[in-house]
Amino acid sequence: MVREHEPAFVIVSGDARARELLLEDLAPESLDRVVEVPTHTRAAGASSEALDAEIDIRLEEELERDRQDVLARSATGGGRRGERGLGPVVHALQQAQVETLLLDPRRDERSLLALDGPPWIATEPGERLSTQVLDEVPAIEGLARAAVLTGARVLFLNPEPADPAAPRPEEEPAEPVAAVRWATGPDHP
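Quick note on numbering: the sequence shown equals residues 1051 to 1239 in the numbering used here.
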């Protein structure tokens, strides 16, 4: 199952002896992904809260690594491995070049044109090629739609503070960032 689905991690929980036996039988590529949670959720009076909390932590850690990877790739080689800003990201999406798109969910004031076929998105009617405009949509929705339709992964920045009682950051929303499937531009200017 691990070979087929390639999860980022595999949570192993339960009775200590059962965990030990399972870990002995796992293939090395599966063992490398194991996160052991010493919680026995089947015992009388046991709760799954610790397991749920550990899963939430691991998921957020994995998402943060992915977000940082997109940011790093978009800055690598003078930006040849990625795009930053609405216009460059739209252009990369029109070319089906985006591998992973990173969006700030607070960025909604601009709009884009959703198209009924490739290139799926446009900033103006002249970019629609032979397609029809379906609607004018908030930029974040148009970007996410075009990313999904071109097989890209979509991640969102998490601008919310960890503590719900903490004040929200007052910073400007981040521009969209895309890690691309292939480098753009020449190796040397």
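Beta carbons: idealized from backbone N, C-alpha and C, even for Gly.
Does the distance from the CB of Pro1226 to the CB of Leu1152 come in under 8 Å? yes
Sorted by chain position, which residues of the same chain lie with C-beta nearer than 6 Å to Glu1133's C-beta, five sequence neighbours on each side aside? Val1139, Ala1142 and Ala1228
Cut-off 7 Å between Cβ atoms - residues of its own chain near Ala1197, not counting five sequence neighbours on either side: Leu1143, Val1148, Leu1151 and Val1204
First through last residue of the beta strand (DSSP E) which encompasses Ser1161: Ser1161 to Leu1165
Which value, in whole angstroms, describes the spacing of the CA atoms of Pro1223 and Leu1199? 25 Å
Taking only the alpha-carbon atoms, compute the straight-line gap between Asp1116 and Arg1123 and give it to the nearest angstrom. 10 Å
Could you check whether Glu1079 and Arg1053 sit closer than 8 Å to each other, using their CB atoms as the reference points? yes
For a test of the three-state rule: what should DSSP assign to Leu1153, helix, strand or coil? strand
As assigned by DSSP and simplified to three states, the class of Leu1179: coil
Beta strand (DSSP E) segment containing Ser1063, residue limits: Val1060 to Ser1063
What are the partner residues of Ala1228, as DSSP defines its beta bridges? Glu1133 and Leu1151
Rounded separation between Val1183 and Pro1169 - CA only: 11 Å
Taking the continuous beta strand (DSSP E) assigned at Leu1207, which residues delimit it? Run containing Leu1207: none; DSSP gives neither H nor E here.
Excluding the five sequence neighbours on either side, which residues of its own chain have a C-beta within less than 6 Å of the C-beta of Gln1118, listed in chain order? none
Suppose you measure from the CA of Glu1177 to the CA of Ala1233; what does that come to, to the nearest Å? 23 Å
Just list the residues that DSSP pairs Glu1186 with in beta bridges. Leu1163
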